[in-house]
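Have a look at the structure below, then the notes.
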Amino acid sequence: MNDILIIGSGVIGLSTARALSQYKASIRVIDAAYDVSEGCSKANSAIVHAGYDAEPGTLKARLNVRGSQMYPELCRELGVPYRKNGALIIAFSEDDRGTIEKLYQQGITNGVKELRIIEREEILQLEPQTNPEVVCALLVPTSAITSPYEVCYAMADHAAVNGVTFGFGECVESMSYEDGVWHVKTSAGEETARVVINCAGADSAKFHNQMSGKEEAKIVNRRGQYYILDHPDVLPFDHTMFQCPTKMGKGILVAPTVHGNVLLGPTAEDVDDPKDVSTTAEGLAQVVKACKLTWPNVSVRTAVTNFSGMRAHEVRGDFMVGKVCEHGYEAAGMESPGLSAAPAVGEMLEEIIAREEHLEKKECWLPAPERPKPFNEMTDDERVEAIRKDPLYGKIICRCEVVTEAEIRAAIRRPVGAKSVDGVKRRTRAGMGRCQGGFCSPRVVEILAEELHLPMTSICKGGPGSELLVGTIQESMGKEAAGV
Amino acid sequence: MIQKDLVIVGGGPAGLAAAISAWEDGIRNMIVLEREAQPGGILRQCIHNGFGLHRFGEELTGPEYAQRDIAKARELGIPIACDTTVLSVTEDKHVTCVSTTEGLQVIEAKAVILAMGCRERPRGALGTPGTRCAGIYTAGTAQKFVNLEGFMPGKRVVILGSGDIGLIMARRMTLQGAKVLACVELMPFSSGLNRNIVQCLHDYDIPLYLSHTVTGIEGRDRLTGVTVSEVGPDRRPIPGTEMHFDCDTLLLSVGLIPENELSRGAHVELSPVTSGAVVTDQLETSVPGIYACGNVLHVHDLVDFVSEESFKAGHAAAEMIQHGRETSDTIRVVDGEGVRGTVPQIIRKGTKEEIRLMFRPAAVYKNASVVVSCGDKEIARKRAMIFTPGEMAVIPVTPDKLEGVDGEITVKMEVRK
Amino acid sequence: MEKVITCINCPMGCRMTVEMENGEVVKVTGNTCKRGETYAHQECTVPMRMVTAVVPVEGSFMPVSVKTRTPIPKAKIAECMKELSKLHLTLPLHEKDVVLANVCGTGVDVIATRTLTK
Numbered sequence: 004m005n006d007i008l009i010i011g012s013g014v015i016g017l018s019t020a021r022a023l024s025q026y027k028a029s030i031r032v033i034d035a036a037y038d039v040s041e042g043c044s045k046a047n048s049a050i051v052h053a054g055y056d057a058e059p060g061t062l063k064a065r066l067n068v069r070g071s072q073m074y075p076e077l078c079r080e081l082g083v084p085y086r087k088n089g090a091l092i093i094a095f096s097e098d099d100r101g102t103i104e105k106l107y108q109q110g111i112t113n114g115v116k117e118l119r120i121i122e123r124e125e126i127l128q129l130e131p132q133t134n135p136e137v138v139c140a141l142l143v144p145t146s147a148i149t150s151p152y153e154v155c156y157a158m159a160d161h162a163a164v165n166g167v168t169f170g171f172g173e174c175v176e177s178m179s180y181e182d183g184v185w186h187v188k189t190s191a192g193e194e195t196a197r198v199v200i201n202c203a204g205a206d207s208a209k210f211h212n213q214m215s216g217k218e219e220a221k222i223v224n225r226r227g228q229y230y231i232l233d234h235p236d237v238l239p240f241d242h243t244m245f246q247c248p249t250k251m252g253k254g255i256l257v258a259p260t261v262h263g264n265v266l267l268g269p270t271a272e273d274v275d276d277p278k279d280v281s282t283t284a285e286g287l288a289q290v291v292k293a294c295k296l297t298w299p300n301v302s303v304r305t306a307v308t309n310f311s312g313m314r315a316h317e318v319r320g321d322f323m324v325g326k327v328c329e330h331g332y333e334a335a336g337m338e339s340p341g342l343s344a345a346p347a348v349g350e351m352l353e354e355i356i357a358r359e360e361h362l363e364k365k366e367c368w369l370p371a372p373e374r375p376k377p378f379n380e381m382t383d384d385e386r387v388e389a390i391r392k393d394p395l396y397g398k399i400i401c402r403c404e405v406v407t408e409a410e411i412r413a414a415i416r417r418p419v420g421a422k423s424v425d426g427v428k429r430r431t432r433a434g435m436g437r438c439q440g441g442f443c444s445p446r447v448v449e450i451l452a453e454e455l456h457l458p459m460t461s462i463c464k465g466g467p468g469s470e471l472l473v474g475t476i477q478e479s480m481g482k483e484a485a486g487v
Numbered sequence: 267m268i269q270k271d272l273v274i275v276g277g278g279p280a281g282l283a284a285a286i287s288a289w290e291d292g293i294r295n296m297i298v299l300e301r302e303a304q305p306g307g308i309l310r311q312c313i314h315n316g317f318g319l320h321r322f323g324e325e326l327t328g329p330e331y332a333q334r335d336i337a338k339a340r341e342l343g344i345p346i347a348c349d350t351t352v353l354s355v356t357e358d359k360h361v362t363c364v365s366t367t368e369g370l371q372v373i374e375a376k377a378v379i380l381a382m383g384c385r386e387r388p389r390g391a392l393g394t395p396g397t398r399c400a401g402i403y404t405a406g407t408a409q410k411f412v413n414l415e416g417f418m419p420g421k422r423v424v425i426l427g428s429g430d431i432g433l434i435m436a437r438r439m440t441l442q443g444a445k446v447l448a449c450v451e452l453m454p455f456s457s458g459l460n461r462n463i464v465q466c467l468h469d470y471d472i473p474l475y476l477s478h479t480v481t482g483i484e485g486r487d488r489l490t491g492v493t494v495s496e497v498g499p500d501r502r503p504i505p506g507t508e509m510h511f512d513c514d515t516l517l518l519s520v521g522l523i524p525e526n527e528l529s530r531g532a533h534v535e536l537s538p539v540t541s542g543a544v545v546t547d548q549l550e551t552s553v554p555g556i557y558a559c560g561n562v563l564h565v566h567d568l569v570d571f572v573s574e575e576s577f578k579a580g581h582a583a584a585e586m587i588q589h590g591r592e593t594s595d596t597i598r599v600v601d602g603e604g605v606r607g608t609v610p611q612i613i614r615k616g617t618k619e620e621i622r623l624m625f626r627p628a629a630v631y632k633n634a635s636v637v638v639s640c641g642d643k644e645i646a647r648k649r650a651m652i653f654t655p656g657e658m659a660v661i662p663v664t665p666d667k668l669e670g671v672d673g674e675i676t677v678k679m680e681v682r683k
Numbered sequence: 763m764e765k766v767i768t769c770i771n772c773p774m775g776c777r778m779t780v781e782m783e784n785g786e787v788v789k790v791t792g793n794t795c796k797r798g799e800t801y802a803h804q805e806c807t808v809p810m811r812m813v814t815a816v817v818p819v820e821g822s823f824m825p826v827s828v829k830t831r832t833p834i835p836k837a838k839i840a841e842c843m844k845e846l847s848k849l850h851l852t853l854p855l856h857e858k859d860v861v862l863a864n865v866c867g868t869g870v871d872v873i874a875t876r877t878l879t880k
C-alpha cells in the first residue's frame with residue numbers, strides 16, 4: 004500500500020508528485036497510458052502564459068501568475084528549454100481594442116508585470132510579418148514558451164529518483180474509501196493508498212464527483228488541432244502571436260517553438276470522445292484560414308506534421324484544486340493555463356496535503372538528474388569531448404534533428420525512460436524533423452528492442468496495440484497472403 | 267584540421283561513380299563519407315531488378331549494380347569511411363563529420379562533391395487528416411524493414427502514390443506474404459513505368475485508382491482503415507465518392523525530395539523547381555569547388571544516368587584540383603513550355619564536351635519534339651513517340667551548336683500539328 | 763478470343779489487342795513497333811517474369827536478396843515463393859551462390875544477389 008496515490012501522469016500529476024516527493028511518504032503515480040505525458044500535456048501550445056487572460060479572483064488567475072513566475076527556475080533546475088519570447092495579442096478593430104484594454108486591466112489586476120498597449124507602427128516594427136491591418140496590440144513581455152513534454156519527462160525523472168513509483172496501463176474504474184484505506188480498482192488490478200489525488204485530466208470530473216459524492220463537475224472535451232512547420236531559416240515571428248480571445252478560448256495563434264519550429268493553431272471544437280485526437284480536413288483548413296489574419300503569408304507547404312490535443316474544460320470555468328473529501332485531493336478541470344500553472348498547482352497541493360496529512364519533510368531531497376546538453380546544441384569542441392567519453396555520440400541516428408545513438412539509449416535508460424518510438428521521439432526529438440522518422444525509425448526500433456530485451460515485433464509506436472512490425476518475413480511467407 | 271583534395275559526401279551510386287572517375291583521373295588524396303555501415307546507398311534495399319540495362323547491357327538488381335562500383339572502388343583502393351555522418355559543409359569547403367571511431371573531424375577540401383541522394387515526402391507534408399496511429403510508412407522505410415531487416419510492416423496494405431517506388435512495394439509486399447488492396451494515385455496518370463504497372467499491379471490483380479487520394483485515416487493505436495475519394499481536375503476530393511478500405515498499413519509513395527540541408531549550409535544556390543543545386547555543365551554549384559550529382563541534384567529514374575552524371579562530376583572536380591578553375595562567361599538555360607527542371611541550368615561558353623540537358627516533361631506529350639533554342643536560333647531538336655513526366659528526358663547538345671550563342675537558352679516542348 | 767494488354771517495352775505503353783485461337787496468337791493490333799508484337803506473342807502464351815525476393819538466413823539479422831537467374835513462367839511465381847519460404851539458409855552466402863536449384867522444375871536457379879558473411 005502507498006501513502007499517496009496520484010491518478011494521472013500529465014504535467015499536473017507529475018508536478019504534484021515531484022513536490023510531494025520532498026516528504027516522507029511513499030508515492031505512486033498511475034496512468035491508463037503507456038508513458039507519462041500522453042494526454043493534453045504533450046499536445047498543446049507550449050506557452051507559459053503570463054496570466055492576463057484569466058478572470059481575476061479565480062484559481063486560474065492566481066495559479067497562472069504564480070506558475071509563470073516559477074517557470075524560469077523550474078526549467079533551469081530540470082534542464083529543459085524555456086524562452087521568454089513575449090507575446091502580442093493583436094486587434095483589428097476598435098471593438099477589439101476594447102477587448103485589449105480589458106485584458107490589459109485584467110492583467111494588471113492579476114499581477115502581471117510589464118504589460119503595454121502598443122499601436123500599429125510599433126507592432127510592425129517588432130514583427131514585420133504581421134498583417135498590416137492590425138490596429139493595436141497588448142504586448143506581454145513576460146509570456147514564454149517551453150517544451151511541455153520535456154518538462155513532464157524531467158519532472159517524472161526527478162520524482163522517480165526521489166522514490167516515486169509509476170504504474171502504466173492502469174485505467175481507474177472505481178474507487179472506495181474504507182477504514183483509512185482507498186481501494187482504487189484499475190484495469191490492471193487494485194491499488195491501495197492512504198491518500199488519493201485526482202489529476203486525471205479528461206476523467207477528472209468523473210473522479211471529482213465520485214470522491215465528493217456530488218454530481219457537480221462536468222468536463223467538456225475541447226479538441227484543438229495544430230500544424231507544425233519545418234524550421235525556417237528565419238522565424239516569421241519571434242513573439243507568440245495571439246488574436247483576440249473568444250468564449251471558446253484564447254484563439255488561434257502563430258508561435259515559434261523552443262526548437263525553432265513554427266506552431267499554428269489550435270482550433271477549439273467540443274467532441275464526445277475524449278480519446279478522439281484525430282485531425283480533420285475542416286479543422287486544419289480552419290487553422291490556416293484563421294492564421295492568415297495574423298500572418299497573411301502563412302503557408303503550410305513546409306508543414307512537417309499536424310496533430311491535436313484534448314483540453315479538459317470544466318463547465319463551471321475554473322480549476323478545482325484542493326481537498327475534495329477526507330484524504331482525497333484534486334487538481335481537476337486543468338485546461339489552459341494548466342501547463343503554465345503546473346508548478347504552482349504542485350506547490351498549492353503540497354502545502355494543503357502536507358498540512359492535512361501531517362507529512363514530514365525528508366532530510367535529503369535529491370536534485371533533478373542532470374540533463375546533458377543535446378548534441379545538436381553542442382559546439383564542435385563539446386562534441387569532440389562527448390564522443391571521447393561515449394563513442395555512441397558519434398553515431399547519428401536522426402539526421403534531420405541531429406540526434407545521436409548515445410542520446411537515444413540514454414532516453415530509454417532514464418528513470419522514467421522511453422519504451423516506445425514516440426517515447427524516444429519526445430525525449431530526444433528523433434523523428435520530429437522533415438522526414439518524420441522515415442530515416443531513423445528502423446534504427447530506433449532496433450535500439451529499443453536491444454535496450455528493452457524485446458523482439459522487434461513487440462516495439463510499439465505509442466503503447467500496446469501500436470506495434471510497428473507485424474511479423475518476420477519468415478512468418479509472412481509461410482502462410483497464404485493475409486485476407487485472401 | 268585534415269587536408270584532402272577531394273571529399274565526396276555520400277557513398278551511394280552517385281558518390282561511388284564520382285570517386286571512381288576522380289581516382290582514375292589521378293586524384294589520390296580523397297575520401298568518400300558514407301553514413302551507413304556499408305556503401306551502396308539506396309540500391310542496397312532495391313532488391314528488384316531493372317538496373318544497369320543502359321550501362322552494362324544487362325538487367326541487374328540494385329545490390330548487384332552497387333556491388334559493381336563497390337568492387338571497383340575497393341580494387342582501386344579508394345578510401346571510403348562508413349558509419350560517418352557529415353554534419354556540415356561550409357562555403358569554404360570545410361566538411362565536419364562524426365563517427366564513433368574517429369570522433370568529430372573537420373576536413374579542409376579543395377573540392378567537395380555532394381552526393382547525398384534524396385528523401386521521401388512524409389505524411390505530415392501531405393497534411394492528410396486523421397489519427398496518428400502506427401502502420402503509416404513511406405514506401406522506402408517499409409522497403410528497408412522488409413529488404414534489409416526481414417520484417418513485415420503490415421498485413422493488409424493500401425498504397426498511396428503510383429510512382430515506381432509505390433508500385434515496386436505493391437509487388438514486394440504481395441510476394442512476401444501481405445495482401446495489397448489498392449494503389450491510389452492523385453493524378454489521372456501514373457508516373458511509374460508501364461512495366462511496373464503490369465508486373466507489380468496487374469500481375470497480382472491489385473486495382474489502380476487514378477484521380478483518387480486518401481482523405482481519411484482511422485485507427486487509434488494501429489491503422490484500421492483508410493477512406494479514399496475521387497478528385498476533380500483541381501485535385502480536390504469530390505464529396506460523395508468515398509470508398510473505404512479495411513487495412514493495417516498505408517504506404518506513401520508521394521514524392522522524393524533531394525536532401526540538400528548540407529548544401530543550404532554551404533550557401534549553395536538551389537533551384538526551386540528541382541530542389542537541387544543550380545549547376546554548370548561541369549556540375550559545379552554556385553559555390554566554387556562544390557559539385558553536385560545524382561539524386562541530390564535532381565531526382566532520377568535510372569541509376570545508369572546517375573552514374574553517368576556522377577562520372578562527369580568526378581572528372582570535373584579532378585580537373586579543377588589538378589588544373590585550377592577556369593572562369594568563363596556563361597549562358598543560362600531556362601525551362602520553356604512543357605519543360606520542368608532542366609539540368610544543367612548554366613552552360614560555360616567555350617565548353618568542349620557534349621552537354622546532356624536533362625529535364626522532366628510537364629505533361630504527357632505524344633509525337634512531340636523537345637527543342638533547344640536561343641531566341642530564334644534552333645540549337646538542337648529531338649523527336650520521340652512519347653514524353654512523359656515519369657521519365658526524365660535527355661537531349662544532347664554538341665559544343666559546335668553553341669558557337670556564337672550569346673543569350674539565354676530555352677528548352678521547350680513542341681507538339682507536331 | 764481477344765485480349766487487351768499494355769506493352770511494357772517503352773513509355774508509349776501501346777494498348778494492343780491480341781486475337782487468340784486455341785491458345786495461340788493469331789493477330790496483334792495496336793502495336794507501333796515489332797518489339798510490341800514479339801512481346802504480345804510471349805505475354806499471351808507463356809508470360810515470363812523475373813522473380814526477386816528476400817529470404818531469411820539463420821544467424822543473420824539481414825535477409826539475403828535473391829533472384830531467378832532468368833525469367834520463369836508467371837504462373838509459377840506463387841509456387842516459387844512457397845519453395846523459397848521453405849529454405850533454411852545459413853551463413854556465409856555470396857552473390858551468385860545458388861540458393862535453390864531448378865525452382866519449381868523450371869530449370870532456372872535462384873541465386874543470391876548480395877553477399878552475407880558472419
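Residue numbers (the numbering used here), protein chains in the order written: chain B, 4 to 487; chain R, 267 to 683; chain F, 763 to 880. Don't be surprised by glycine CBs; every beta carbon is placed ideally from N, CA and C.
So, using beta-carbon positions, are residue i and residue j closer together than 7 Å?
{"i": "R/V424", "j": "R/A400", "result": "no"}
{"i": "B/A334", "j": "B/V318", "result": "no"}
{"i": "R/V562", "j": "R/I621", "result": "no"}
{"i": "B/C367", "j": "B/S215", "result": "no"}
{"i": "F/P754", "j": "F/V817", "result": "Only positions 763 to 880 of chain F appear in the structure, and residue 754 of chain F is not among them; the question remains open."}
{"i": "B/D99", "j": "B/C294", "result": "no"}
Any Cβ of chain F within less than 7 Å of the Cβ of residue i?
{"i": "R/M651", "result": "yes"}
{"i": "B/G320", "result": "no"}
{"i": "R/H314", "result": "yes"}
Does chain B have any CB closer than 7 Å to the CB of residue i?
{"i": "F/P818", "result": "yes"}
{"i": "F/C866", "result": "no"}
Can you tell me whether residue i is helix, strand or coil according to DSSP?
{"i": "B/Q439", "result": "coil"}
{"i": "B/K221", "result": "coil"}
{"i": "R/G215", "result": "This structure does not reach residue 215 of chain R, given that chain R is present from 267 up to 683, and the question cannot be answered."}
{"i": "R/L370", "result": "strand"}
{"i": "B/F245", "result": "strand"}
Bridge partners of residue i, per DSSP?
{"i": "F/R777", "result": "F/T768"}
{"i": "B/S383", "result": "At residue 383 of chain B the sequence reads Asp, which differs from the Ser that was named. B/D383 is not bridged to any residue."}
{"i": "B/W185", "result": "B/Y180 and B/A196"}
{"i": "B/Y230", "result": "B/L267 and B/N309"}
Any C-beta of chain R sitting closer than 7 Å to the C-beta of residue i?
{"i": "B/M459", "result": "yes"}
{"i": "B/A484", "result": "Residue placement at B/A484 cannot be trusted, given a pLDDT of 41 that sits under 50; the coordinates are not used to answer."}
{"i": "B/V487", "result": "The predicted model places B/V487 with a pLDDT of 33, which falls under 50 and marks its position as unreliable; any figure quoted below should be read in that light. Yes - at least one Cβ of chain R is within 7 Å of the one on B/V487."}
{"i": "F/M782", "result": "no"}
{"i": "F/K796", "result": "no"}
Exercise. Given a limit of 7 Å on CB to CB distance, which residues of the region 461-482 of chain B reach chain F?
Worked result: T475, I476, Q477, M480 and G481
Exercise. Going along the chain, which residues of the region 361-376 of chain R sit with their C-beta nearer than 8 Å to a C-beta in chain B?
Worked result: Here the close residues are T362, V364, S365, T366, T367, E368, G369, L370 and V372.
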